[in-house]
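Residues in the sequence shown are numbered from 0 upward in steps of one, following numbering that gives the first Met the number 0.
Everything on this sheet refers to the single structure shown next.
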Amino acid sequence: MIVTDWEDIIRLHERHKIASNPREAVKIAIQAGIDMSMVPNSFSFVITLLI
């Protein structure tokens, strides 16, 4: 199981500037094999961004 650290998916966009927006950050994380995001603890934010 691959788990992110605190808010690391969103940090791909906000801090590391790897993703151009939160939607792309989620896509990158999923493609990297992330199984669990520590924060937010609800996966609904991912679904909202990908729809």
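The beta carbon of each residue, even a glycine, is placed where N, CA and C say it ideally should be.
Since the structure is predicted, the reported quantities are computational estimates derived from the model, not experimental observations.
Is the separation between the beta-carbon of residue i and that of residue j shorter than 8 Å?
i: D4; j: M37; result: yes
i: A24; j: I8; result: yes
i: H12; j: P21; result: yes
My assumption, with CB atoms under 8 Å, is that residue i sits in contact with residue j. Please give the rounded CB distance.
i: I27; j: A18; result: 6 Å
Name the DSSP beta bridge partners of residue i, please?
i: V2; result: M35
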